[in-house]
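In this note's numbering, the protein residues as written are 4 to 594.
Following: one structure in structure tokens, then a few remarks.
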Amino acid sequence: MTTSTDTHPAPRKSRKRPILWTLLVVVLILIAFVVWLGYEALTAKSNLETTRDAATSAKNALLDGDVPGAQAAAADAIASATKAQDAASSIPFDIAASIPFLGSPLQTVADISDVVKGLAVDVLEPASEASASISPDSVIEGGGRVNLQALIDAEPVLAQTSAAAEDLYARAQAIEDPAYLGVVQDARVQLENQTHDVAGLLTNTYTASRLVPTMMGANGPRSYFLAFQTNAEARGTGGLLGGYGIIRAENGTARVDTLGSNNELEFAKQPIDLGPEYRALWGPRNTTVDFRNSNASPNFPYAGQIWSSMWTEQTGEQLNGAIATDPVALSYILDATGPVTLADGEVISGDNVVEVTLSTAYSRFGDDQVARKAYLQEIAAAVVTKMTTGVAPTRQLLDAVGRAGSEGRLSVWSADPAEQEILADTKVGHTLPVDPAPYANVIVNNAGGNKLDYYLTRDISYTAESCTGDTRKSTVTATLTNNVNPDGLTQYVASTFQPGVPYGSNESIAYLYGTQGAKITKMSVDGVNAFAVQGGTELGRPVKAAYLTIPPGKSSTVTWELEEPSVPGEAVVPVQPLIDTPTVMVDVPQC
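As structure tokens, this is what we get:
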């Protein structure tokens, strides 16, 4: 008997299930990775914002002389910066940041975190530890005396922190913009601005620690020529030398004596020699002989040397340098110190000092120039006394002085070569830079012997071609507008030297100082080729000038065409410190 058995194949395991499980595990890992990444990203973002706020608090506390506040804010900055850096260097951050394009914002955040950590550890912490020495309250004592030893003691840490801050600013500038996400781009820009501000504060303070002790008489008495410039009659460094004083400094205390008006200064009989290049350009205007043209060049060290040489010839006294300021700077200072009251009860404040000194004083005194200059001397003496008695809140006064210096309204030259080498790299040095970067400096010198530049406004533009060769063409234009209504103005304010010129016409010489090594190939006034009333070079820069006559209510445009070297660097367009705030347009591609 045959027995048959039914056989069935063994059931096969489903191949789909392992795949599904694998996919599920992958999805879960991805979700966990994204959640982890999101957490680290939020942690980095939150702590970067906290660090930024703490850094701002530390800087403000330093300026306010709040030593405990600066130290506490610096500690907070370090703690939050460390957390931000830890989050930005975590595993998910590193992985995601390495993905081309998609990881671009995360890489930017990681770079930002590194710079922020450096700012907290290498700059804010040591600066806050030294804040007891460098805070304004420590540096400026009662009566306006400067604590020179505090600055001397702080110099080493200021050298360290300013160098670190400058390095971090350069690193912040080098961080690449993210491929997308505007919020990360905003954070990068905020970091760049913040490191720039901190670097500027520390660098300026470090510079002060190197200069102020010796210049304020730590090693013996110092004397400086103090020039009050009148912007109503334009000159290269700002305005005509209207009045002067002699600053005496010793052991941190300064006072001003020998206040006088410009008519007390004698013409030089043995003028200083500033070299053949200077003589060729400025010799025809007798700048080293006649104080009225002594600061026609925008390079302040020339004016300082000329004034000092004139004073030495007239009195026999050797000076240690020169300082210049103007009524606009005085307005900033009076905003900080509060107003001054003259002997007759008149109140001079930051709101009225510019108009009073540069406009209404002329109508008030008419042709009595002796009385007007005595009045201006009284104002100057009152402001200087206010500054040097320590009445002002120190931070506000330092801010005012800093603003004046940044605008070229406070200029300093030292006869000591080592000090001058430091000053030359600062705003208050007011020098023509040796940097070969693209440069266009439009300077106005009053040619009418009047005070009409109080009513002058300027529009300046500097454009250049792209860098396709060794040289490129560029164009600089300056439009000057005479906004005066001459009705009722005195002859002293509104008259001109030229017969037949309408009363109240602004007569000016407009100069261009160009890029080093450039050639000014053409100059025109209102579209017509113009004769150069002056031309040459100054410290390696080409100079060419045109004479302008601008009737009341009219404008005139000077155009300079140049062939300049295609050199690297951002274009520099300084602004001559007159009364107006000119419109400046720059379109110069970087090479």
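Even for Gly, the Cβ is constructed at its ideal location relative to N, Cα and C.
Item to check | Completely contained beta strand (DSSP E) runs for the region 534–566, where each covers 3 or more residues | outcome: 537–541 and 544–553
Checklist entry - What does Y227 pair with, by DSSP beta-bridge criteria? => result Here the question's residue 227 lines up with position 224 in the sequence shown. The partner list for Y227 (beta bridge, DSSP) reads I250.
Item to check | Selected residue, minimal CA-CA separation from I115, among L65, G147 and A175 | outcome: Locating residue 115 in the sequence shown gives position 112, counting from the first residue. Considering only alpha carbons, the answer is A175.
Checklist entry - Would you report the Cα separation of S417 and G432, rounded to the nearest angstrom? => result Looking up residue 417 in the sequence shown gives position 414. Looking up residue 432 in the sequence shown gives position 429. C-alpha separation (whole angstroms): 9 Å.
Next on the checklist: Between the region 335–350 and the region 248–264, can you find at least three pairs of beta-carbon atoms closer than 8 Å?
Outcome noted: no
Checklist entry - Quick one: complete alpha helix (DSSP H) runs, 4+ long, within the region 339–403? => result 364–368 and 372–391
Checklist entry - Which full runs of the alpha helix (DSSP H) of 4+ residues lie inside the region 137–221, going along the chain? => result 139–142, 151–177 and 185–218
Item to check | Residue nearest to K199 in terms of C-alpha spacing, selected from V187, A167, L184 and A230 | outcome: Position 196 of the sequence shown holds residue 199. Note that residue 199 is His in the sequence shown here, rather than Lys. The candidate whose alpha carbon is nearest that of H199 is A167.
Checklist entry - Is it buried or exposed for K476, if we count other Cβ within 10 angstroms and need 16 for buried? => result Position 473 of the sequence shown holds residue 476. Exposed, because fewer than 16 other Cβ atoms sit within 10 Å of the Cβ of K476.
Checklist entry - On the three-state DSSP scale, how would you describe N486? => result On the sequence shown, position 483 is the one that residue 486 refers to. N486 falls in the coil class under three-state DSSP.
Item to check | Unbroken stretches of the beta strand (DSSP E), 3 residues or longer, contained in the region 417–450 | outcome: 444–449
Item to check | Helix, strand or coil at S107 [DSSP, three-state] | outcome: Translated into the one-based positions of the sequence shown, residue 107 becomes position 104. It is helical.
Checklist entry - For the putative contact between A407 and G246, defined by C-beta atoms under 8 Å, what is the C-beta separation to the nearest angstrom? => result Taking the sequence shown and counting its residues from 1, the one referred to as residue 407 is at position 404. Taking the sequence shown and counting its residues from 1, the one referred to as residue 246 is at position 243. Wrong, their Cβ atoms sit about 17 Å apart, outside the cutoff.
Next on the checklist: Could you check whether the region 478–494 touches the region 530–537, counting it as contact only if at least three pairs of C-beta atoms, one from each stretch, sit closer than 8 Å?
Outcome noted: no
Item to check | Extent of the continuous beta strand (DSSP E) to which T460 belongs | outcome: The residue you call residue 460 lines up with position 457 of the sequence shown. Segment L459 to A467, the beta strand (DSSP E) holding T460.
Checklist entry - Using the C-alpha atoms, what's the distance from P436 back to G242? => result As a working mapping, residue 242 is identified with position 239 in the sequence shown. As a working mapping, residue 436 is identified with position 433 in the sequence shown. Roughly 21 Å separates the two Cα atoms.
Item to check | Three-way DSSP call (helix, strand, coil) for D529 in this model | outcome: Start at 1 with the first residue of the sequence shown, and residue 529 comes out as number 526. D529: coil per DSSP, three-state reduction.
Checklist entry - Where does A35 fall in DSSP's three states? => result Locating residue 35 in the sequence shown gives position 32, where the first residue counts as 1. If DSSP states are grouped into helix, strand and coil, A35 belongs with the helices.
Checklist entry - Going by beta carbon distance, what residues of the same chain come within less than 6 Å of K651, once the five residues before and after it are set aside? => result It is not possible to answer for residue 651, since the shown part of the chain is limited to 4 through 594.
Item to check | CA-to-CA distance, T340 to V373, given in whole angstroms | outcome: The count along the sequence shown starts at 1 and reaches residue 373 at position 370. The count along the sequence shown starts at 1 and reaches residue 340 at position 337. Those two C-alpha atoms are separated by around 28 Å.
Checklist entry - With distances taken from CA atoms, which of L426, E358 and G286 is nearest T210? => result Taking the sequence shown and counting its residues from 1, one reaches residue 210 at position 207. Nearest of L426, E358 and G286 to T210, Cα basis: L426.
Next on the checklist: If the criterion is Cβ atoms closer than 8 Å, does the pair G369 and T493 meet it?
Outcome noted: Locating residue 369 in the sequence shown gives position 366, counting from the first residue. Locating residue 493 in the sequence shown gives position 490, counting from the first residue. Yes, these two residues count as a Cβ contact at 8 Å.
Item to check | Cutoff 6 Å; reference Y516; Cβ partners in own chain excluding five residues on either side | outcome: Here residue 516 is taken as the residue at index 513 of the sequence shown, counted from 1. So the qualifying residues of the chain are N444, R544 and V546.
Next on the checklist: Quick check on this structure: which residue in D69, G68, S131 and R148 has the alpha carbon closest to the alpha carbon of M390?
Outcome noted: Position 387 of the sequence shown, counted from the start, is the residue given in the question as residue 390. Per the Cα distances, R148.
Checklist entry - Secondary structure at L83, three-state DSSP: helix, strand or coil? => result The count along the sequence shown starts at 1 and reaches residue 83 at position 80. Before going on, a small fix: residue 83 reads as Ser here, not Leu. Here S83 sits in helix by DSSP.
Checklist entry - Could you give the distance in angstroms between the alpha-carbon of R461 and the alpha-carbon of L581? => result Translated into positions along the sequence shown, residue 461 becomes position 458. Translated into positions along the sequence shown, residue 581 becomes position 578. R461 and L581: Cα-Cα distance of roughly 10 Å.
Item to check | Helix, strand or coil at A601 [DSSP, three-state] | outcome: The structure shown does not extend to residue 601, since the chain is modelled only from 4 to 594, so the question has no answer here.
Checklist entry - Pick from A35, P181 and A78: whose alpha carbon is nearest that of A58? => result Indexing the sequence shown from 1 puts residue 58 at position 55. Among A35, P181 and A78, the Cα nearest to that of A58 is on A78.
Item to check | Limits of the unbroken beta strand (DSSP E) element including E496 | outcome: On the sequence shown, residue 496 is found 493 positions in, with the first residue counted as 1. One detail in the question is off: residue 496 reads as Val in this sequence, not Glu. That residue, V496, is in no beta strand (DSSP E); its alpha helix (DSSP H) goes Q494 to A497.
Checklist entry - Hey, how far is the Cα of L322 from the Cα of N298? => result Counted from its first residue, the sequence shown places residue 322 at position 319. Counted from its first residue, the sequence shown places residue 298 at position 295. The straight-line gap from Cα to Cα measures roughly 18 Å.
Next on the checklist: For the alpha helix (DSSP H) containing L312, name the first residue and the last one.
Outcome noted: The residue given as residue 312 occupies position 309 in the sequence shown. A small correction: the amino acid at residue 312 is Ser; Leu does not occupy that position in the sequence shown. Counting along the chain, the alpha helix (DSSP H) containing S312 begins and ends at F303 to T318.
Item to check | Identity of the residue in L413, N449 and A421 nearest A548 by Cα | outcome: By one-based count along the sequence shown, residue 548 stands at place 545. Minimum Cα distance to A548 is reached at N449.
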